[in-house]
Amino acid sequence: MKIITVGGVKGRHDLPVSQYLITDTVADFATANKQAFDAMTELLRGTPRDAVIRFYPTGLSTVSFGAISAFVGFAGDDDFSGDHTSGRTLEIWEYDRDKADYVHTTTFSHSATPADASVKAYGKCLAHTV
């Protein structure tokens, strides 16, 4: 299992991440959602099927919504999963002011097991709070 740490917008906050969805330090609100969606989709294309993506959302909520939307849409998509399975996980890590640290608050998980190989759309995404 590979763990990938990802931030929303580079330069908004000091984050414990290896990469960002949006690398421009000033994100345009009008396009930030699509940029995050496209960046998360591209990231998912290059991850192993059992990858854990730890997402640290900060700043523009539209960036978080775009990233989560891409992850949810990715579940079971035949173009992405290839062998018709996906066990990827998206963990949301948010800053807890009282603890002065980031905490894992929510998990989105792909669960894609085809019941019928002739059916293209079979994946689902499960979500739960920690």
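Using my numbering, you'd call the opening residue of the sequence shown number 3 and step up by one each time. Positions of the beta carbon are idealized from the N, C-alpha and C atoms, including for glycine. All values derive from a computational prediction rather than experimental measurement.
Closer than 8 Å to chain C by CB, residue i
{"i": "arginine 51", "result": "In the structure shown, chain C cannot be found, because there is only a single protein chain."}
Rounded Cβ spacing between residue i and residue j (contact assumed at less than 8 Å)
{"i": "alanine 38", "j": "glycine 68", "result": "3 Å"}
{"i": "arginine 51", "j": "glycine 10", "result": "Contact flag wrong, Cβ pair sits at about 24 Å."}
C-beta atoms of residue i and residue j nearer than 8 Å
{"i": "valine 74", "j": "phenylalanine 31", "result": "no"}
{"i": "threonine 49", "j": "lysine 4", "result": "yes"}
{"i": "phenylalanine 76", "j": "valine 8", "result": "no"}
{"i": "leucine 23", "j": "valine 65", "result": "yes"}
{"i": "isoleucine 6", "j": "alanine 53", "result": "yes"}
{"i": "threonine 60", "j": "histidine 15", "result": "yes"}
{"i": "alanine 133", "j": "leucine 62", "result": "This structure cannot speak to residue 133, because the chain is shown only from 3 to 132."}
Residue i - partner residues in DSSP beta bridges
{"i": "leucine 106", "result": "The residue you asked about is not leucine; residue 106 is histidine in the sequence shown. Histidine 106 pairs with Trp95."}
{"i": "isoleucine 70", "result": "Isoleucine 70 pairs with nothing; no bridge assigned."}
{"i": "arginine 47", "result": "According to DSSP, which records beta bridges pairwise, arginine 47 is partnered with nothing at all."}
{"i": "threonine 64", "result": "Its beta-bridge partners do not exist; DSSP assigns none."}
Beta-carbon proximity list for residue i, same chain, < 6 Å, skipping 5 on both sides
{"i": "tryptophan 95", "result": "Arg56, Tyr58, Tyr104 and His106"}
{"i": "glutamate 93", "result": "Arg56, His106 and Thr109"}
{"i": "leucine 46", "result": "Phe76"}
{"i": "serine 20", "result": "Thr7"}
{"i": "isoleucine 70", "result": "none"}
Own chain, CB closer than 8 Å to residue i, minus 5 neighbours either side, in chain order
{"i": "aspartate 98", "result": "Tyr104 and Val105"}
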